[in-house]
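Enquirer: One structure is given below, represented as structure tokens, and several questions about it will come after.
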Amino acid sequence: MNGLFITLEGVEGSGKTTQLSRLKKHLESTGHRIVVTREPGGTPISEAIRDILLDPTNGAMHPMTELLLYEAARAQHVAEHIRPALESGAIVLSDRYTDSTTAYQGAGRSISPETVGQLHQIATQGVWPDLTIVIDLDPTEGLRRRADDHAHDRIESEPVDFHRQVRTAFLALAEIESERIKVVDGSMSPDEIAGHIAALVDPLVEQKRGQLDRTPE
Ligand code: Z5A
């Protein structure tokens with residue numbers, strides 16, 4: 009595919025949304041076509057699944073139901089939005105993707121890596137990120153940042169130990185897949201984090217320069 013696929017990962021409140029919007033501006037200033045999206049979500053069907061997943065009244069949800077719903081939302085997102093955008097040469101920036109499922113449902117809910125891996129294969133149809141940035145932050149700090157600006161959803165409401173397991177899983181993934189996954193310290197200022205992210209992204213954009221679409225949306 010001609011495009012470039014970059015995902016941002018991390019615990020709740022680590023600053024992914026803040027950094028995605030900065031990265032979008034940075035890349036647009038170089039004339040590239042940028043598509044920003046998120047998981048779960050990114051298409052009407054996937055957003056409807058997101059509502060079910062995050063609804064705090066759905067406390068009875070079985071871990072396997074949760075896993076299948078995240079992957080179902082992803083299957084639609086990839087087929088309807090991500091793959092066509094990549095085929096058209098866009099730079100796609102996604103707030104979360106498969107590594108969140110590995111960390112939250114795999115490590116957090118203790119579902120086997122084999123099961124999670126098989127479902128990733130089915131849902132992604134082979135669409136994997138070129139680069140993943142984990143913004144690493146103590147979950148206590150992330151939850152504190154989020155507490156100020158919205159009510160807790162079903163996943164956020166898990167005990168802090170759950171979020172610690174998720175953080176550990178992201179860091180372990182980054183060790184295993186050190187070529188693809190880069191860790192940036194989320195306790196720095198937004199400007200410093202944006203600088204580190206640009207330093208990781210710019211060389212990749214340069215490598216793909218001839219293939220990327222430079223028509224603004
Ligand atoms: N989930 C899952 O379980 N399995 C999956 O496969 C997938 C997801 C894909 C989605 O929730 C939930 O689904 C999520 C994981 C689970 N639940 N949890 N936990 P979401 O999309 O609603 O929430 P989120 O992805 O966790 O993101 P967030 O809460 O929106 O946080 P964020 O995007 O990382 O942070 P932010 O919005 O940029 O910043 C949060 C606040 O901190 C805000 O007030 C900022 O101004 C401030 N901020 C940002 N950066 C800084 C720095 N550097 N210093 C100080 N303050 C900062």
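Quick note on our numbering: the sequence shown kicks off at 9 and runs consecutively.
Quick reminder that beta carbons are idealized off the backbone N, C-alpha and C, glycines included.
In this text the structure is predicted, and so the values were computed from the model without any measurement.
1) For alanine 68 and isoleucine 60, what's the separation of their Cα atoms in angstroms?
2) Helix, strand or coil, according to DSSP, for arginine 46 in the structure here?
3) Check for me: the beta strand (DSSP E) holding aspartate 210 runs from which residue to which?
4) Mapping DSSP to helix, strand and coil, what is threonine 109?
5) Would you kindly check if the distance between the Cβ of valine 100 and the Cβ of valine 192 is under 8 Å?
6) Taking only beta-carbon atoms, is leucine 208 less than 8 Å away from chain D?
7) Report yes if the C-beta distance between leucine 77 and isoleucine 57 is below 8 Å; otherwise report no.
8) With glutamate 17 and phenylalanine 178 assumed to form a contact (beta carbons below 8 Å), what rounded beta-carbon distance in angstroms separates them?
9) At the level of alpha carbons, what is the spacing between serine 197 and isoleucine 163?
10) With a cut-off of 8 Å, do at least 3 Cβ pairs link the region 124-133 to the region 14-33?
11) Please report the distance separating the alpha-carbon of glycine 134 from that of aspartate 107.
12) May I ask you to report which of helix, strand or coil DSSP gives leucine 139?
13) Below 8 Å CB to CB, which residues in the same chain sit around glutamine 215 once its five sequence neighbours on both sides are set aside?
14) According to the Cβ coordinates, are valine 168 and alanine 115 closer than 8 Å?
15) Is the beta carbon of arginine 104 sitting closer than 8 Å to the one on glutamate 20?
16) Across which residues does DSSP place lysine 190 in a beta bridge pair?
17) In whole angstroms, what separates the C-alpha of isoleucine 14 from that of serine 102?
Expert: By the coordinates alone:
1) Between alanine 68 and isoleucine 60, the C-alpha separation is close to 12 Å.
2) The answer is strand: DSSP assigns arginine 46 an E or B state.
3) Counting along the chain, aspartate 210 falls outside any beta strand (DSSP E), though it belongs to the alpha helix (DSSP H) covering 198-215.
4) helix
5) no
6) Structure shown: chain D not included; a single protein chain is present.
7) yes
8) The pair is a contact, with the Cβ atoms about 6 Å apart (cut-off 8 Å).
9) Straight-line Cα distance between these residues: approximately 26 Å.
10) no
11) Each residue's alpha carbon lies about 14 Å from the other.
12) strand
13) none
14) no
15) no
16) Ile141
17) 6 Å
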